Structure formats: structure tokens, C-alpha cells
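Read the structure below first, then the notes.
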Amino acid sequence: MSTFRINTLSRREFMQESAVLATAGIAAIESTSASAQGSVAPLRIGIIGPGSQGQNDLKKAIKVPGLTCVAAADVLDLNLNSAAKIAQISEDSLYSDYRRILDRKDIDAVMITVPLSLHAKMTIDALNAGKHVFCEKLMAYTIEDAKEMARTAKRTGKVLQIGHHRASSIGYNHAYELLNTKQVCGKVTHVRAQWNRNGAWRRSIPGQAKMLGGREYWHDMEHLVNWRLYKRTSHGLMAELGSHQVHVTNWFLNAVPKAVMGVAGVDYWKDGRDVWDNVQCIYEYPDGVKVTYQSLTTNQFDGFQEEFMGDKGTLITTVGDGNMDKGLLYREPKAETLDWAQFTSKEKGANGKEGMVLNASATKKLNTGAKIGETTLSTEGNGKDAYDLEFYNWAASIREGAKVFCDSMEGLRACVATIKANEAMAKSTRIEIPAHLYEI
45 MSTFRINTLS RREFMQESAV LATAGIAAIE STSASAQGSV APLRIGIIGP GSQGQNDLKK
105 AIKVPGLTCV AAADVLDLNL NSAAKIAQIS EDSLYSDYRR ILDRKDIDAV MITVPLSLHA
165 KMTIDALNAG KHVFCEKLMA YTIEDAKEMA RTAKRTGKVL QIGHHRASSI GYNHAYELLN
225 TKQVCGKVTH VRAQWNRNGA WRRSIPGQAK MLGGREYWHD MEHLVNWRLY KRTSHGLMAE
285 LGSHQVHVTN WFLNAVPKAV MGVAGVDYWK DGRDVWDNVQ CIYEYPDGVK VTYQSLTTNQ
345 FDGFQEEFMG DKGTLITTVG DGNMDKGLLY REPKAETLDW AQFTSKEKGA NGKEGMVLNA
405 SATKKLNTGA KIGETTLSTE GNGKDAYDLE FYNWAASIRE GAKVFCDSME GLRACVATIK
465 ANEAMAKSTR IEIPAHLYEI
């Protein structure tokens, strides 16, 4: 099966035939306009809640030309100090109250990377304060909160991007084109997705850290640092991991689930947590498509990936050590031979079978010619991963009105499906998901 090696024979034909070309705004995209030349409008941001994920996001965001983080807010002094070091933020711009950032007229946008239960309030406050927002996934703790976030973004006209970073992955956009435009798998009938880990999912409590505020909300340092392990602040594995793959499935199938069932439990890590340490569910999508999802904390076999299974083939995303720009394609024995298969290389997957390697990094320097506003979009990654590119995309949508790669409606659809899966597993029953829940 095969790799897209652009330096092979008939390079231009191969790229066209293998659907490397993407549609407007495809993949993780860097402007080839004046923005790419360094002539960019300054973008001043603040970050609210720079914990472990927030610090990773901040490191990526400040790589965007012209983007500067000038303020941070957190109730943990250790997080504030880390953010200050990463972005060279002055001490007088470090706050324990996030509203101090929203009051500043010199700040254009904010990154919200706080625990899930605080997403909605802080995002809505920021949008109402005239700030553009990047909010980490899951979009909100409740469906109604997610809807209100989307309504507020629409009313204020401000950009709200949700942190499902696969939307900005060159590899995932490439896989979408293969699945939907080239239909390399034929009619998709089933999807298998998983995110398996082997570990407690628990963070150590920093010995010297001080809590600067928020004591009316956080019981103690344990609940602040390990908020993911408690239902009061978290929706567990489905929210923190599964929602990424629910988002991808909705996107690739161009649909949302209409029902879900599943089982889960706290069966291994008996350490006081009350969110499940394993989840398994089945979604029902339109036209009879079934999607199975699994997330474990006791076995990491196969890591994380999605398998889109059709009557002509199976497309597997995210191969090996989490490479989002590389996939495998297995054709069914009865399927006709693809014209471009001869140009591809083969690789064995975890199942021991050889598949065609789909390497989207080979699309470098290929321009789609698609334009949004004054920006010409290309599929040039230049070594940037999906986390890098989601912030390039966020900045472009603020500066130039470019496509928001995971907007509030995409975030809402993933949020609804995720929360309903948890409801089904809690009740050990099949739950129907009415269409109106996906609307605002």
C-alpha cells in the first residue's frame, strides 16, 4: 500500500491522483501573503489557567509571528511563574483574578485553559469583554453552557476556537479528502476509535506551591491539581481524550450520532477518584453507521487512532508514536486497484498486515490557490505540528477573517455526543440524542 514521497516520478500527477490537494482552508495552514513574510499586525493575548496543558499551548502560541502573551491569570503561583518564564511576562501582569485580564483594553484575545467546569463562565465573560477566545476542549461542562458559549460568540462577532487540534492537522485534513473526495474506503459502515494509556492519570502535588485564590471553589490542592479525577469538575476520559475522536468522527462522517450506549467503571485505580478509569461505548450514526470507542488507563496497546472501515478499504489515522501526519490505508481484496498505488510505499501496522502509507508531510510547498479574505492558503507545514498550526489558524481567523478550524458549532457537536455517552454509561442504557441538542 503506500507513502506519498513527492520526490518520486510524476510528482505532479501523483499528488493530484492521490488527493493530496485539499479544499479551501485544508490543513494547518500558513498564509503565503504578507503575514508569512513577517509583516503582521501585532496580536496581544492573555492566558487564563496556564497549568500543564495551558503551558504547552502557550509555548505553541507564542511561535506565531506577531503574537505576544502579555498577561497571565491563575490561582496557583507555580503556574503563574511558569507562564511568566515561557512568555517573558512582567510580574505586574500576573494575576490571581482572571477578570484583571479582561479589563485590559490592550489585550485582543485570551487563551482559556482552565479546568472544564470553568470553561463556560470565563469564555462568555471574555467574549462579552470584546476578546477573541481560544478555549480548550471539552467545550463546556454542560450542553446548555456550550450552547450559550456559541450564542455569545455569534452575538459578539468574536472568534471562538475550541481546542480540538486535529482540525488543524495536515494529516487529518488529507485523510478527510481521501475518505470523502476520493472515497478510498468506499461506503463507510463502521468506525473503531480508541485512546489507550497505562497509568494513573494522577499528577503529583507540588510541595511549595501556594493557592492564591479560588478557595470558594477548590476544596484543597488535590482537587485543584487533579481536577480531572473528580466528577464535580471533570467528565473524565470521554471529555479529556474521547472528545477529540468524537470530533474527528463527526467531521469525517459529516454527521452526528443519534444514539449511544456503553459501559464504564472505576475498576482498577482505587485511589479516591470518582471518574471512570475505563470507558467503552457504541455510537449510532445515520445510515446505520456504528462507531465503537474505547479508552483505558491499564493498557496502552495501539495507543490512539481511528479506523474508518468501508466496503472497499480501511483508513487508519495517527500511526505509530502519535504521528498525526501519517496514516495507513488497507484495501479490501475485492476492491479495484488504485491508479496511484504503484507510487506508494508499504508498512506493517499493529495487526501485522501491510498497508499503504499516507504521509501528508509530502504536501510541503504545494499551494491550493484557495483564498479567504486576502490570505492565500497552502498545505505547507514547515515542520509545524497540529498544535502549532491551530494557533496559526486562530491568529489568522482573528486578523484576516480566515476559517476557524474548530469553531463553536463543531465544539458543541463534540460536546453533546461526549456528554450523552457519559450519561448512557452512567445509566447502563441506550440514550437517544435528539437533533435539537446540536442546535443553538
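Just add 44 to the spot in the sequence shown (first one is 1) and you have the numbering used here.
Glycine included, every Cβ here is placed at the ideal spot set by N, Cα and C.
Given the structure is predicted, the values throughout are model-derived calculations rather than measurements.
Practice task
Could you please give the first and the last residue of the uninterrupted alpha helix (DSSP H) stretch that includes GLU328?
Solution key: If you look at GLU328, you'll find it isn't in any alpha helix (DSSP H); it sits in the beta strand (DSSP E) that goes 322-328.
Practice task
Return the chain-ordered ranges of every alpha helix (DSSP H) run that is complete within the segment 247-284 and spans a minimum of 4 residues.
Solution key: For the segment 247-284, whole alpha helix (DSSP H) runs of length 4 or above, ordered along the chain, are 265-269.
Handout entry: Distance, ASP118 Cα to PRO159 Cα
Key = Roughly 11 Å between the two C-alpha positions.
Problem - Best match in GLY332, ARG241, ASN270 for proximity to SER339 [C-alpha to C-alpha] - result: Nearest C-alpha to SER339: ARG241.
Handout entry: Counterpart residues of GLU350 in DSSP-defined beta bridges
Key = DSSP, once it has assigned bridges, lists ALA237 as partnering GLU350.
Practice task
Between the Cα of ASP318 and those of PRO109, TYR185, LYS390, HIS279, spot the shortest distance and give me the residue it belongs to.
Solution key: When the alpha-carbon of ASP318 is set against those of PRO109, TYR185, LYS390, HIS279, the nearest one is in HIS279.
Practice task
Specify the secondary structure class of ILE133 as computed by DSSP and reduced to three states.
Solution key: Looking at ILE133 - three-state DSSP - the assignment turns out to be coil, as it is neither helix nor strand.
Handout entry: Assigned exposure category for THR462 - 16 Cβ within 10 Å defines buried
Key = Buried.
Exercise for the section: Whole angstroms is fine: what's the gap from LYS314's alpha carbon to MET282's? Expected result: One Cα belongs to LYS314, the other to MET282, and the distance between them is close to 19 Å.
Handout entry: Three or more C-beta pairs below 8 Å linking the segment 208-220 and the segment 229-240
Key = Short answer: they don't touch.
Practice task
State yes or no: is the C-beta of GLN97 within less than 8 Å of the C-beta of SER126?
Solution key: No, these two residues do not count as a Cβ contact at 8 Å.
Practice task
Note the first and the last residue of the continuous beta strand (DSSP E) segment covering LYS392.
Solution key: For LYS392, the enclosing beta strand (DSSP E) has its first and last residue at 390-392.
Handout entry: Bridge partner(s) assigned by DSSP for ASN343
Key = ASN343 has no beta-bridge partner at all, per DSSP.
Handout entry: Buried versus exposed call for GLY196 [16 or more other C-beta atoms within 10 Å across all chains shown]
Key = Here residue 196 is Thr; the residue named in the question, Gly, does not match the sequence. By the neighbour-count definition (other C-beta atoms within 10 Å, threshold 16), THR196 is a buried residue.
Exercise for the section: Within its chain, find whatever has a CB closer than 6 Å to the CB of SER212; leave out the 5 residues flanking it on each side and keep chain order. Expected result: Counting only Cβ-Cβ distances below 6 Å, and skipping sequence neighbours, we find ALA72, ALA430, LEU433, GLU434, ASN437, PHE449.
Practice task
Consult DSSP for ALA197 and reduce its assignment to one of helix, strand or coil.
Solution key: Helix, per DSSP.
Practice task
Check whether the segment 97-116 touches the segment 224-233, taking contact to mean three or more Cβ pairs, one atom from each stretch, closer than 8 Å.
Solution key: No: the two stretches stay apart, fewer than three of their Cβ pairs being nearer than 8 Å.
Exercise for the section: Would you tell me roughly how many angstroms separate the C-alpha atoms of GLU376 and VAL228, rounded to the nearest one? Expected result: The straight-line gap from Cα to Cα measures roughly 10 Å.
Exercise for the section: Would you kindly work out how many angstroms separate the C-alpha atoms of ILE187 and SER161, rounded to a whole number? Expected result: Approximately 12 Å between the Cα atoms of the pair.
Exercise for the section: Jot down the residue ranges of each uninterrupted beta strand (DSSP E) in the segment 196-233, minimum 3 residues, whole runs only, in chain order. Expected result: Annotation note: the segment 196-233 contains the following uninterrupted beta strand (DSSP E) runs of length 3 or greater, listed N- to C-terminal: 204-206.
Problem - Pair within 8 Å by beta-carbon distance, GLU180 and THR157 - result: Yes, Cβ-Cβ distance for GLU180 and THR157 is below 8 Å.
Practice task
Output the boundary residues of the beta strand (DSSP E) element that contains HIS34.
Solution key: The question about residue 34 has no answer here: the residues shown for the chain are numbered 45 through 484.
Practice task
Tell me, to the nearest whole angstrom, how far the beta carbon of ARG88 is from that of ASP169; I am working on the premise that it is less than 8 Å.
Solution key: 18 Å between Cβ atoms; not a contact.
Exercise for the section: Use the C-beta contact count for GLU454: other C-beta atoms within 10 angstroms, 16 or more gives buried, fewer gives exposed. Expected result: If you draw a 10 Å sphere on the C-beta of GLU454, you find 16 or more other C-beta atoms in it, and that means buried.
Exercise for the section: Just the C-alpha distance for VAL108 and ALA439, rounded to the nearest angstrom, thanks. Expected result: C-alpha separation (whole angstroms): 8 Å.
Handout entry: Within 8 Å, strictly: CB atoms of ALA303 and TRP320
Key = Taking the C-beta atoms as reference points, TRP320 is found no nearer than 8 Å to ALA303.
Practice task
Name the residue from THR358, THR342, ALA299, VAL323 whose alpha carbon lies nearest to the alpha carbon of GLY332.
Solution key: Nearest of THR358, THR342, ALA299, VAL323 to GLY332, Cα basis: ALA299.
Practice task
Round the Cβ separation of GLY306 and CYS325 to the nearest angstrom and send it over; I've been treating them as touching at under 8 Å.
Solution key: So it is a contact: roughly 3 Å between Cβ atoms.
Exercise for the section: Taking GLY90 and ALA128 to be in contact with their CB atoms under 8 Å, please state how far apart those CB atoms are, rounded to whole angstroms. Expected result: Actually they are not in contact, since the Cβ atoms of GLY90 and ALA128 sit about 12 Å apart, beyond 8 Å.
Practice task
Compare the C-alpha of GLN349 against each of GLY286, ILE214, GLU398 and name the closest.
Solution key: Looking at the Cα atoms, GLY286 is the closest of the given residues.
Exercise for the section: Would you kindly report the start and end of the unbroken alpha helix (DSSP H) that includes LYS471? Expected result: Boundaries of the alpha helix (DSSP H) harbouring LYS471: 452-471, taken from the DSSP string.
Practice task
Tell me whether TYR216 is buried or exposed, calling it buried when 16 or more other Cβ atoms sit within 10 Å of its Cβ.
Solution key: TYR216 is buried by the Cβ-count criterion.
Practice task
Please confirm whether LEU256 and LEU120 have their CB atoms less than 8 Å apart.
Solution key: For LEU256 and LEU120, yes; Cβs fall inside 8 Å.
Exercise for the section: Go ahead and label PRO301 buried or exposed: buried means 16 or more other beta carbons lie within 10 angstroms of its beta carbon, across all protein chains shown. Expected result: The Cβ neighbour count for PRO301, taken over all protein chains shown within 10 Å, is at least 16; the residue is labelled buried.
Exercise for the section: State the Cα-Cα distance for the pair ARG456 and HIS176, rounded to the nearest angstrom. Expected result: In the sequence under discussion, the amino acid at residue 456 is Leu, which differs from the Arg named in the question. The straight-line gap separating the alpha-carbon atoms of LEU456 and HIS176 is approximately 17 Å.
Problem - Under the three-state DSSP convention, the category ALA479 falls into - result: DSSP, reduced to helix, strand and coil, places ALA479 within a helical segment of the structure shown.
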